[in-house]
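Undergrad:
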Amino acid sequence: MQQLCCDIMKYLSGEYVDFLKYDPDLTHLTKFQREVLEATRKIPYGQTRTYGQLAKDIGKIKASRAVGRALNKNPYPLVIPCHRVVAKNSIGGYAGGTELKKKLLEMEKSHLLR
């Protein structure tokens with residue numbers, strides 16, 4: 036737990052952190068929610084996917100709205116980077132607010148440009 040806290044602080048200060056080394060407990064979620072969150076974990080740092088792309092990735096092409104609802108159940112923001120999932124024509128929603136989502140995405144992109 037202490038290492039996770041240190042990694043979150045590093046991430047928030049702009050450092051790249053590979054959160055895939057953590058194995059979050061998702062057993063309390065539905066199978067669909069787990070599928071969405073596991074696919075979300077695989078989105079590379081500094082990149083985004085649309086809700087529709089994520090739905091396609093899990094084999095549920097018409098489930099983009101359900102993907103959004105599943106992301107809203109994410110118990111581990113940052114570790115499971117749901118901020119990297121955006122709408123086709125906008126930033127999309129985020130439990131922490133769209134301003135925070137924008138800042139996280141901008142931080143990741145600026146780190147990649149260094």
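Residues in the sequence shown are numbered consecutively from 36, following this note's numbering.
Beta carbons are placed, not taken as given, at the ideal position from N, Cα and C, and that holds for glycine.
(1) Mapping the DSSP letters down to three states, classify Ile93 as helix, strand or coil.
(2) How big is the Cα-Cα spacing for Phe67 and His146?
(3) With distances taken between CB atoms, is the gap from Val114 to Tyr57 smaller than 8 Å?
(4) Can you check whether the CB of Ile93 is closer than 8 Å to the CB of Ala74?
(5) Would you decide whether Pro79 is buried or exposed? Buried here means 16 or more other CB atoms lie within 10 Å of its CB.
(6) State the Cα-Cα distance for the pair Leu47 and Glu143, rounded to the nearest angstrom.
(7) Cα-Cα, which of Gly128, Leu55, Ile96 and Met36 is closest to Lys108?
(8) Please state whether the Cβ-Cβ distance between Thr83 and Val120 is less than 8 Å.
TA: Reading it off the structure:
(1) Ile93: coil per DSSP, three-state reduction.
(2) When only Cα atoms are considered, Phe67 and His146 end up about 32 Å apart.
(3) yes
(4) yes
(5) exposed
(6) 10 Å
(7) Gly128
(8) It is a contact, given that the beta carbons lie within the stated cut-off.
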